[in-house]
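Using the working numbering, read the sequence shown as starting at 957 and increasing by one per residue.
Ideal Cβ positions, reconstructed from N, Cα and C, are used throughout, including at glycine.
The structure displayed is predicted, hence computed values, not measured ones.
Here is the structure we will look at, set down as structure tokens.
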Amino acid sequence: MSTRIRASSILPGRREDIELHTADGLTLVGELARPLDREPVGTLVCLHPLPTHGGMMDSHVFRKAAWRLPALADLAVLRFNTRGTSSVRGTSEGTFDAAVGERFDVAAAIEYAEFHELPNIWLVGWSFGTDLVLKYGCDPAVAGAILLSPPLRFSQPEDLTVWAESGRPLTALVPEFDDYLRPEEARQRFAAVPQAEVVGVPGAKHLWVGDAETVLNEIVSRVNPAVPVPLPTTWDGPMETGDASAYADRTVAAFADTPVAGPEQRRAG
């Protein structure tokens, strides 16, 4: 009997708590989710939104990716809390460093995936996480990257140049009603990266509330194109239910699209 896949549905997979160790001596907490009975075809390394505004490894799109994609798309999903960030999994050591010290966090995540021989590594950044991808993610071990709601706040033009010269695939999913960067301007800004694909998502906002399935379909179509999309919305096998109440203090209000003061913030003008 088919059961509808809901926001709190957890499909079968092998999930383990992990720790990442940075070059500057910090321990970061995370989780690795893999397919239950086979090897993954690809790997998502998830870089979460701004922790000062509620971003964490359990931000809803990444949580749903970890709960669904090992079973639906043969993908491994590695998500973790950057320095100083807390979630139910725990708190990573260190303090938020405005996209400076986080370079070591990105490197530690890529190194973990590489050391554990996880295949076809793709970075998936969301908001602040997209700046980390652009600044520090163009690594020889990385096959490509997907950016969700990129604000281009902390990243610089030279970071785009590095991606352009690498030739690695880069996709930006840009909400129609994003408060930071909307599709038209995003196409202009990412024109510096010839291979970049900018996908405007009609009706969506920065936080992807109500649009997580759209995001997951776009990710899967690039990382494992052998899997048909849209992904199934029902499941015929065993299914668990996650406790969404654990995130009651991190509601949409906590993620409000509030401009963040910062030396690299640039708004459309």
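| task | Could you check if residue 1001 is buried or exposed, using at least 16 other CB atoms within 10 Å of its CB as the buried criterion? | result | Stepping through the sequence shown from its first residue, residue 1001 is reached at position 45. The C-beta of residue 1001 has 16 or more other C-beta atoms within 10 Å across all chains shown, which makes the residue buried.
| Unbroken beta strand (DSSP E) run spanning residue 1102, endpoints | Taking the sequence shown and counting its residues from 1, one reaches residue 1102 at position 146. Element bounds for residue 1102: 1098-1104.
| field | Whether residue 1149 touches residue 1126 by CB criterion (8 angstroms) | value | Numbered from 1 along the sequence shown, position 193 holds the residue referred to as residue 1149. Numbered from 1 along the sequence shown, position 170 holds the residue referred to as residue 1126. The answer is yes: Cβ separation under 8 angstroms.
| field | Proximity winner among 1134, 1082, 1075, 1078, relative to residue 1007 (alpha-carbon distances) | value | In the sequence shown, residue 1007 corresponds to position 51, counting from 1. The shortest Cα separation from residue 1007 among 1134, 1082, 1075, 1078 belongs to 1082.
| task | Have a look at the DSSP bridge pairing and note the partners of residue 1003. | result | Residue 1003 sits at position 47 when you count from the first residue of the sequence shown. DSSP lists 1081 as partners of residue 1003.
| query | For residue 1127, which beta-bridge partners are listed by DSSP? | reply | Your numbering for residue 1127 matches position 171 in the sequence shown. Paired residue(s): 1102, 1153.
| field | Buried/exposed call for residue 1061, threshold 16 Cβ in 10 Å | value | Position 105 of the sequence shown, counted from the start, is the residue given in the question as residue 1061. With 16 or more other Cβ atoms within 10 Å, it is buried.
| task | Express the C-alpha separation of residue 1004 and residue 1076 in angstroms, rounding to a whole number. | result | Position 120 of the sequence shown, counted from the first residue, corresponds to residue 1076. Position 48 of the sequence shown, counted from the first residue, corresponds to residue 1004. Approximately 20 angstroms between the Cα atoms of the pair.
| task | Name, in chain order, the residues that DSSP records as bridge partners for residue 1017. | result | The residue you call residue 1017 lines up with position 61 of the sequence shown. Answer is none; residue 1017 lacks a bridge partner.
| said: Spatial neighbours of residue 975 within its chain, please: C-beta separation below 8 angstroms, excluding the five flanking residues on both sides. | reply: Counting from one through the sequence shown, the residue named residue 975 turns up at place 19. Excluding positions up to five away in sequence, the list reads 983, 984, 985, 986.
| Pairwise C-alpha distance: residue 958 and residue 1217 | Start at 1 with the first residue of the sequence shown, and residue 1217 comes out as number 261. Start at 1 with the first residue of the sequence shown, and residue 958 comes out as number 2. Low per-residue confidence applies at residue 1217: pLDDT is 43, beneath 50, and the placement is therefore not dependable enough to give any value.
| field | Rounded C-alpha distance that separates residue 1238 from residue 1132 | value | Examination of residue 1238 is not possible in this model, given that the chain is present from 957 through 1225 alone.
| said: Starting from residue 1066, trace the alpha helix (DSSP H) in both directions and tell me its first and last residue. | reply: On the sequence shown, position 110 is the one that residue 1066 refers to. Segment 1058-1071, the alpha helix (DSSP H) holding residue 1066.
| task | Answer with buried or exposed for residue 1105, where buried requires no fewer than 16 other C-beta atoms within 10 angstroms of its C-beta. | result | For this step, residue 1105 is matched to residue 149 along the sequence shown. Label assigned to residue 1105: buried.
| Endpoints, alpha helix (DSSP H) assigned at residue 973 | For the purposes of this step, residue 973 is taken as the residue at position 17 of the sequence shown. Note, residue 973: premise wrong, no alpha helix (DSSP H); beta strand (DSSP E) at 970-977.
| Of the residues 1041, 1135, 1059, 1022, which one's Cα is nearest the Cα of residue 978? | Taking the sequence shown and counting its residues from 1, one reaches residue 978 at position 22. If we check each option's Cα against that of residue 978, 1059 comes out closest.
| query | Roughly how many angstroms lie between the CA atoms of residue 1053 and residue 1088, to the nearest whole one? | reply | Along the sequence shown, read from residue 1 onward, the residue named residue 1053 stands at position 97. Along the sequence shown, read from residue 1 onward, the residue named residue 1088 stands at position 132. For residue 1053 and residue 1088, the distance between alpha carbons rounds to 12 angstroms.
| Under the rule that 16 or more other beta-carbon atoms within 10 Å means buried, what is residue 1098, buried or exposed? | Position 142 of the sequence shown, counted from the first residue, corresponds to residue 1098. Result: buried.
| task | Determine the direct distance from the alpha carbon of residue 973 to that of residue 1117, and round the result to whole angstroms. | result | Taking the sequence shown and counting its residues from 1, one reaches residue 1117 at position 161. Taking the sequence shown and counting its residues from 1, one reaches residue 973 at position 17. Spanning the two alpha carbons is a distance of roughly 36 angstroms.
| In three-state terms, what does DSSP make of residue 1175? | The sequence position of residue 1175 within the sequence shown is 219, counting from 1. In the structure shown, residue 1175 sits in a helix (DSSP, three-state: H, G or I).
| field | Strand pairing of residue 1036, partner residues [DSSP] | value | Here the question's residue 1036 lines up with position 80 in the sequence shown. Under DSSP, the beta-bridge partners assigned to residue 1036 are 986.
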